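>
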Amino acid sequence: MAAQDAQTAREDSIGQDRRAPTATPFRLLQLSDLHLYADPERRLLGQNTRRTLESVLALAQARYWPPDAIVLTGDLVHDELPGAYRFLRERLDGLGIPYHCIPGNHDRLDLLVGQLDPTAASGLRRVAAGAWDLLLLDSVIPGEAGGRLHATVLKGLAEAARGAPARPTLVFLHHHLAPMGSRWIDTMQVANATAALAALALHPALRAVICGHVHQEADQQVAGVRLLATPSTCVQFLPGSADFSLDPRTPGYRWLTLHADGHLETGVERTDAYPEPLTIATQGY
Numbered sequence: 001m002a003a004q005d006a007q008t009a010r011e012d013s014i015g016q017d018r019r020a021p022t023a024t025p026f027r028l029l030q031l032s033d034l035h036l037y038a039d040p041e042r043r044l045l046g047q048n049t050r051r052t053l054e055s056v057l058a059l060a061q062a063r064y065w066p067p068d069a070i071v072l073t074g075d076l077v078h079d080e081l082p083g084a085y086r087f088l089r090e091r092l093d094g095l096g097i098p099y100h101c102i103p104g105n106h107d108r109l110d111l112l113v114g115q116l117d118p119t120a121a122s123g124l125r126r127v128a129a130g131a132w133d134l135l136l137l138d139s140v141i142p143g144e145a146g147g148r149l150h151a152t153v154l155k156g157l158a159e160a161a162r163g164a165p166a167r168p169t170l171v172f173l174h175h176h177l178a179p180m181g182s183r184w185i186d187t188m189q190v191a192n193a194t195a196a197l198a199a200l201a202l203h204p205a206l207r208a209v210i211c212g213h214v215h216q217e218a219d220q221q222v223a224g225v226r227l228l229a230t231p232s233t234c235v236q237f238l239p240g241s242a243d244f245s246l247d248p249r250t251p252g253y254r255w256l257t258l259h260a261d262g263h264l265e266t267g268v269e270r271t272d273a274y275p276e277p278l279t280i281a282t283q284g285y
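Mapping the sequence shown onto our numbering, position 67 (from 1) lands on 67, and the numbers just tick up by one.
#1: Check whether the stretch 59-70 touches the stretch 185-201, counting contact only when three or more Cβ pairs, one atom from each stretch, lie closer than 8 Å.
#2: Pull the bridge partners of G114 from the DSSP assignment, please.
#3: Would R183 be called buried (16 or more neighbouring beta carbons within 10 Å of its own) or exposed?
#4: How is the beta strand (DSSP E) around F26 delimited, first residue to last?
#5: Is the number of C-beta pairs between the stretch 225-240 and the stretch 126-135 that are closer than 8 Å three or more?
#6: Give the DSSP-derived three-state secondary structure of A121 in the structure shown.
#7: What residue range is occupied by the uninterrupted beta strand (DSSP E) comprising L170?
#8: Mapping the DSSP letters down to three states, classify E159 as helix, strand or coil.
#9: Would the stretch 73-80 count as touching the stretch 263-271 if we require 3 or more Cβ pairs under 8 Å?
#10: Have a look at the DSSP bridge pairing and note the partners of A69.
#11: Just the C-alpha distance for G252 and L28, rounded to the nearest angstrom, thanks.
#12: Would you tell me roughly how many angstroms separate the C-alpha atoms of L264 and W255, rounded to the nearest one?
#13: Please state whether the Cβ-Cβ distance between S32 and G212 is less than 7 Å.
#14: Comparing alpha-carbon positions, which option in D247, T169, D272, T282 lies nearest I210?
#15: Around the C-beta of R162, are 16 or more other C-beta atoms found within 10 angstroms, so that it is buried, or is it exposed?
#16: Any idea what DSSP makes of Q141, helix, strand or coil?
#17: Assuming the contact rule is C-beta atoms closer than 8 Å, H176 and V214 should be a hit. Round their C-beta distance to whole Å, please.
#18: If the criterion is Cβ atoms closer than 7 Å, does the pair T282 and L45 meet it?
#19: Just how far apart, CA to CA, sit A273 and V235?
#20: Beta-carbon within less than 8 Å of P277's beta-carbon, same chain only, minus the 5 sequence neighbours each way: which residues are those?
#21: Could you pull the DSSP bridge partners for V190 from this structure?
#22: Can you check which of these residues, T233, A260, A128, G96, is closest to L36 by C-alpha distance?
#23: Quickly, what does DSSP pair W255 with across the bridge? List them, please.
#24: Assuming G240 contacts A191 under a Cβ cut-off of 8 Å, what Cβ separation, rounded to an integer in Å, is found between them?
What follows is the structure in structure tokens.
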């Protein structure tokens, strides 16, 4: 009888071990290239960007909610007016989810910092995300469409690689680090991308570098670094186009699940349709 009791105890212990919960993954949502206006009726290439944002948020709330944090990777506002930043702050605050904003080439940093996210003033920020680190980079050259990482940011990346080699890490920035195969958009990537990739490749726990700017989805391996690009919450750019062209694909967001063991799961979700008819024939904006 005692032997049977001991065996039962062992089986119960094994069952408890099998049912023991693992560390909860950290769920992250990326929104990019919102191109909002202070005037709620203004449109970008025929689309009301507040309505396209709402359609993307509704999709995320139906399929991937709640995230533990939201990262917004630039071009948050198109008209460079404080009212657009205030609108976005109120909308994000209403979600009740922590958020982190990175400037894009269409943003005004002083307004982004003053009206939306004061921490965006730093060229490189480290944000803890559960067992992971997020490194948020400012790649904007004021007054220009293309990007560059300042020498202090490159130095900070090298220091981050030495300082926290065991923590899995994601890097977010606005501009892309490698050509997308579209002649016109590739004139506006990070100008010192070779130096940036060399610095990033030194990080032993880097899982991916994630950008916006290109208004399309991509997943590349360049110089040993995984590079991800994320669709816009408004209009999309046609992949592989020599000149400015719109893609009929719909707005979307990127979801990321960061597991405590360093494993990354990620994907893109898109809305079923645009809120208003999309006019493909356009020469740019």
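Cβ coordinates follow ideal geometry from the N, Cα and C atoms, glycine included. Everything numeric in this text was worked out from a predicted model, so none of it was measured.
Working from what's here:
#1: no
#2: Paired residue(s): none; G114 is not in a bridge.
#3: exposed
#4: 26-31
#5: no
#6: helix
#7: 169-172
#8: helix
#9: no
#10: L28
#11: 14 Å
#12: 11 Å
#13: yes
#14: T169
#15: exposed
#16: Checking the displayed sequence, the identity of residue 141 turns out to be Ile instead of Gln. The answer is coil: DSSP assigns I141 none of H, G, I, E or B.
#17: 5 Å
#18: yes
#19: 11 Å
#20: G46
#21: G147
#22: T233
#23: L29, G267
#24: With a Cβ gap of about 22 Å, G240 and A191 do not count as contacting.
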